[in-house]
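K.L.:
Handing you this structure, nothing more for now.
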Amino acid sequence: MHRTGELYGQFQTLDQQKETAALGMWIFLVTEVLFFGGMFLTYTINRHAYSAAFGMGSNTLDIYLGGFNTVVLILSSLTMAMGVWSAQVGKKSLVTSFLILTLILGGVFLGVKVVEYKQKFDHHLIPGQNFDISYCAKNPNACTDLSPKARETEDKQLEEAERLDPNLNSHAQLYFSLYFGMTGLHALHMIVGAGLLLWLLKESVGGRFGPAYNTPVEIVGLYWHFVDIVWIYLFPLLYLIDRKAGR
Amino acid sequence: MPRDHYLNATYGIRSWLLTTDHKRIALLYLASVTFFFFIGGTFASLIRIHLLTPNGFLVTPEMYNRLFTMHGVAMIFFFLIPSIPAVLGNFLIPIMIGAKDLAFPKINLLSWYIYLIGGSFVLYSFMTGGLDTGWTFYTPLSSVYSNSAVTPAVIGIFINGFSSILTGLNFIVTVHTMRAPGMTWFRLPLFVWAHYATSLVMILGTPVIAITLLLAGLERMFHLGFFNPALGGDPILFQHLFWFYSHPAVYIMILPAMGVISEIIPTFARKPIFGYSFIAGSSIAIAVIGFVVWAHHMFLTGEATYAAIAFSFLSYVVAIPSAIKVFNWTSTLYKGSISYDTPMLYALGFIGLFLVGGLTGLFLACLGLDIHIHDTYFVVAHFHYIMVGGAVMGYVGGLHFWWPKITGKLYPEFLARIAAVTLFIGFNLTFFPQFILGYLGMPRRYHTYPPEFQVLNVMSTAGSSILALGYLLPMCYLVWSMRYGKIAGPNPWPATGLEWKTDSPPLTENFHVTPHVDWEPYDFKNRKDLGLEAGAPLAPAHGDD
């Protein structure tokens, strides 16, 4: 493993080495855009075809948890950017602190996601044999975590949606397949990002990153911002479109 | 032979399996794609034997479906897509631009391991009964109804996609940042331009097939409904996503072969290539336009008429840059000092076969005609003219052209010429009758046919055995030449590229000193170092004629 600023054999200069690494990450992110793009397209087309069912699905998501997570993730991007900045200006101990902060915020995001997934599980909203979009309407006692007011709006909406779409349950299941597919893939990227942050942290404690050498912090930063931006698109698509007052 | 080179730099199995030298990784790829080529070839032979009689006599109908599917999967995803880029591109791009290695040598090795892991899943699928969906994996057949080992195959192709993405990424970054002093963009060999264009398609298309197969795989494993109409999903959406990659994937397979041909033609015509910038630009144009023609595979799915017209028109447009290349190659030959060495035979064969393949592609892009010949043997013949007549001819030709550089040895020229001619004859005998069969209405993927088609089918099967011979022959003498071949020297042809200025085989670092490029590409006239006197006859590289 090479130490601070050492030149790899295939390069002529350090600048060339840094430029190469950054370009590599940018191109990787381009491939990621297309990777997520396939799912976004599948979502868009089905949303267009089954807007009632997708609206219904959207309304069962918890906007407070989703909104909180959005703020958490934006903050984590800020701390990541601060980490890169501290490396560039040579504040070595700050690098470590900001990386830890970023890691914590990423952990909070994933923790909240677990809470949300658990709730969907309890409400029979996991695609499969027991999927039932009207489960909470049929079994109010099983959904005590919802406020009475929220349930009332939801029941009304369900009635409306069932009128518009006779195959509501099947199409709502499609919504949740995409919800879990897209947020799951995003969460997987978060976990990979957390792994990268741990690696950076290990190196940063050794005081490796400074003005002369900070390429890894910079390119992991690029990745982290990208994962953040994906969520900035996921949040409105999954949570906000067609939202009525409710939970 | 030079005293030190990349082959004798270190010894032992570890020095190969953990190497980051792009040349050694290229050889690892060479071994593995050859393995898949012979697996896919075996399936093809079984298909052809089965079709000797109208009712088929070798396998059951179910097995027949599995054979053509496994043939397609092995050949497309595990041979054609990695073949030229991962073997010849990997070996040559750093040397051609004067670099010591690719930009990311470890990622290069990683991409080979990813290929192996993906390949293992697919082999597991083959060994547990195979799959019968066709290489196209159309849903809901692949995601619901097929009772075969679809899941491991889908996982394998998904994983293998990342190998292709990483190779493309590595090439693009390498061409941008690793060029030697004086190696400007318009001094790059056309082989590098072709690979740059290929890499663009790899990084932009492959992620889409990855996510599409992931969704189809999830649909199969967890009974979800993304593409299953019974659950509200849209099978046409699958086809759009699939062809969004799989049509450009055709250009992943053919563009590198065009790059090979652009190197061989000027070398054996001893003339600068005609219209360098047009050939370079046409590679990029093919990559770009290639992304907006995909729905011509779906004219019969009931897509909107105006959309179909647009896709038909764009499919005609993408033929223009391909035609530019063919015209420029033939113009290069004009008044050239042509010698018919083996690589040149492959290159000339390529031009002819690609021309037939390309023009019949226009038949298929024509809205009205496509209804008649859609899903017939006409399509099968068309894409085998492009893929086998084009891509594989380019690959084998390139392998011969750079074999002296890779191994430092010459292959037996006479045998090699015989093999090239055998391949050409065998190929045409196999696939030309299929044009006629298709035009007469024989559908693809059927295990039986009416008796009146038997003569043409027997011709095709006979041709395929000649074709097989044409592939086995180079296998034998190329391996033989590694030990017994004559010493090649740095530049046996002679050719103008930077790769011919270093030793054969090259050093691990490729060059003794970083080269400084101050000449134009393919400049046979002003390159005194090639030993070419104006008008003087050329000393042949090989000794036996």
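Going down the list, the protein sequences come from chains W and A. Numbers -5 to 241, taken from our numbering, label the letters of the first sequence in order. Numbers 818 to 1362, taken from our numbering, label the letters of the second sequence in order. Glycine included, C-beta positions come from ideal geometry on N, C-alpha and C. Since the model is a prediction, treat every value here as computed from it, not as a measurement.
Considering only residues of the same chain and omitting the five flanking positions on each side of Leu59(W), which have a CB-CB separation below 7 Å?
P.N.:
Val106, Val109 and Glu110
K.L.:
Mind reading off the beta-carbon distance from Asn53(W) to Glu148(W)? Whole number of angstroms is fine, and I expect it under 8 Å.
P.N.:
7 Å
K.L.:
Relative to the C-alpha of Gln123(W), which residue among Gly889(A), Phe1059(A), Phe1039(A) and Asn925(A) is closest?
P.N.:
Out of Gly889(A), Phe1059(A), Phe1039(A) and Asn925(A), Phe1039(A) has the C-alpha closest to the C-alpha of Gln123(W).
K.L.:
Go ahead and label Leu1227(A) buried or exposed: buried means 16 or more other beta carbons lie within 10 angstroms of its beta carbon, across all protein chains shown.
P.N.:
buried
K.L.:
I'd like to check one pair, Phe103(W) with Val66(W): are the Cβ atoms closer than 7 Å?
P.N.:
Taking C-beta atoms as the reference points, Val66(W) and Phe103(W) count as a pair closer than 7 Å.
K.L.:
With 7 Å as the threshold, decide whether the Cβ of Val224(W) is near any Cβ in chain A.
P.N.:
no
K.L.:
Provide the residue span of the alpha helix (DSSP H) that contains Gly1049(A), from first to last.
P.N.:
Here Gly1049(A) belongs to no alpha helix (DSSP H), and DSSP marks it neither H nor E.
K.L.:
Between the C-alpha atoms of Gly1206(A) and Phe1044(A), what's the straight-line distance to the nearest angstrom?
P.N.:
35 Å
K.L.:
Using a Cβ cut-off of 7 Å (strictly closer), state whether Gly1049(A) contacts chain W.
P.N.:
Gly1049(A) counts as touching chain W.
K.L.:
Residues in the same chain with beta-carbon distance under 8 Å from Thr1363(A), minus the five sequence neighbours each way, listed in chain order, please.
P.N.:
Past the boundaries of the shown model lies residue 1363(A); chain A is included only from 818 to 1362, so the question cannot be answered.
K.L.:
Please say whether Leu228(W) and Lys176(W) have beta carbons closer to each other than 7 Å?
P.N.:
Going by the sequence as given, residue 176(W) is Met instead of Lys. Yes; because the gap between Cβ atoms is below 7 Å, this pair is in contact.
K.L.:
Is there a Cβ of chain B sitting closer than 7 Å to that of Ile982(A), yes or no?
P.N.:
The displayed structure is made up of protein chains W and A, and chain B is not among them.
K.L.:
Could you give the residue range of the alpha helix (DSSP H) that holds Tyr207(W)?
P.N.:
Run containing Tyr207(W): none; DSSP gives neither H nor E here.
K.L.:
Can you pull out the residues from the region 47 to 62 of chain W whose beta carbon lies closer than 9 Å to at least one beta carbon of chain A?
P.N.:
Ala47
K.L.:
Ala843(A) CB to nearest chain W CB: under 7 Å?
P.N.:
Output row for Ala843(A): interface = no.
K.L.:
Classify Phe1128(A) as helix, strand or coil using the three-state DSSP reduction.
P.N.:
helix
K.L.:
Pick out whichever of Ile185(W), Pro121(W) and His117(W) has its Cα sitting closest to the Cα of Lys132(W).
P.N.:
His117(W)
K.L.:
Could you work out which residue in Leu824(A), Thr1177(A), Ser1277(A) and Tyr1256(A) is closest to Phe908(A) when comparing CA atoms only?
P.N.:
Leu824(A)
K.L.:
Mind checking Phe885(A): buried by the 16 CB within 10 Å criterion, or exposed?
P.N.:
buried
K.L.:
What are the boundary residues of the alpha helix (DSSP H) that includes Ser1281(A)?
P.N.:
Gln1271 to Tyr1301
K.L.:
Should Lys1088(A) be labelled buried (16 or more other beta-carbon atoms within 10 Å of its own) or exposed?
P.N.:
Counting Cβ neighbours within 10 Å, Lys1088(A) comes out buried, since at least 16 surround it.
K.L.:
What is the rounded straight-line gap between the Cα of Pro1229(A) and the Cα of Phe203(W)?
P.N.:
56 Å
K.L.:
Measure the CB-CB distance between His219(W) and Ser87(W) and report whether it falls below 7 Å.
P.N.:
no
K.L.:
For the alpha helix (DSSP H) containing Val977(A), list its first residue and its last residue.
P.N.:
In the sequence on display, residue 977(A) carries Asn and not Val. Val967 to Thr994 is the extent of the alpha helix (DSSP H) around Asn977(A).
K.L.:
Over the uninterrupted alpha helix (DSSP H) stretch that includes Arg1262(A), give me the two end residues.
P.N.:
No alpha helix (DSSP H) holds Arg1262(A); DSSP gives it neither H nor E.
K.L.:
Taking a Cβ distance cut-off of 9 Å, strictly less, list which residues of the region 909 to 934 of chain A are near chain W, in chain order.
P.N.:
Of all residues in the region 909 to 934 of chain A, Pro911, Ala916, Lys917, Asp918, Leu919, Ala920, Phe921, Pro922 and Ile924 have a Cβ within less than 9 Å of some Cβ in chain W.
K.L.:
Strictly below 9 Å CB to CB, what residues from chain W border Ala1014(A)?
P.N.:
In chain order: nothing, as chain W lies at least about 15 Å away.
K.L.:
Would you mind stating whether Gly1225(A) and Pro1322(A) have Cβ atoms separated by less than 7 Å?
P.N.:
yes
K.L.:
If you reduce the DSSP assignment to three classes, tell me which class Gly18(W) lands in.
P.N.:
helix
K.L.:
Considering only their Cβ atoms, is the gap separating Thr1023(A) from Ile982(A) smaller than 7 Å?
P.N.:
Result yes, Cβ atoms of Ile982(A) and Thr1023(A) sit closer than 7 Å.
K.L.:
Which same chain residues end up closer than 6 Å to Leu243(W) when comparing Cβ atoms and leaving out the 5 residues on each side of it in sequence?
P.N.:
Chain W is shown only over -5 to 241; residue 243(W) falls outside these bounds and no answer can be derived.
K.L.:
Leaving aside the five residues before and after Met33(W) along the sequence, list all residues of the same chain whose C-beta is less than 8 Å from its C-beta, in chain order.
P.N.:
Leu172, Gly175, Met176 and Leu179
K.L.:
Counting contacts by CB-CB distance shorter than 7 Å, is His165(W) in contact with chain A?
P.N.:
yes
K.L.:
Can Met1075(A) and Ala1208(A) be called in contact, C-beta distance under 7 Å?
P.N.:
no
K.L.:
Going by the beta-carbon positions, is the gap between Pro1138(A) and Ser1099(A) smaller than 7 Å?
P.N.:
yes
K.L.:
With a threshold of 6 Å, establish whether the CB of Leu1117(A) neighbours any heavy atom of the ligand FAD.
P.N.:
In the structure on display, the ligand FAD does not appear, and there are no ligands present to speak of.
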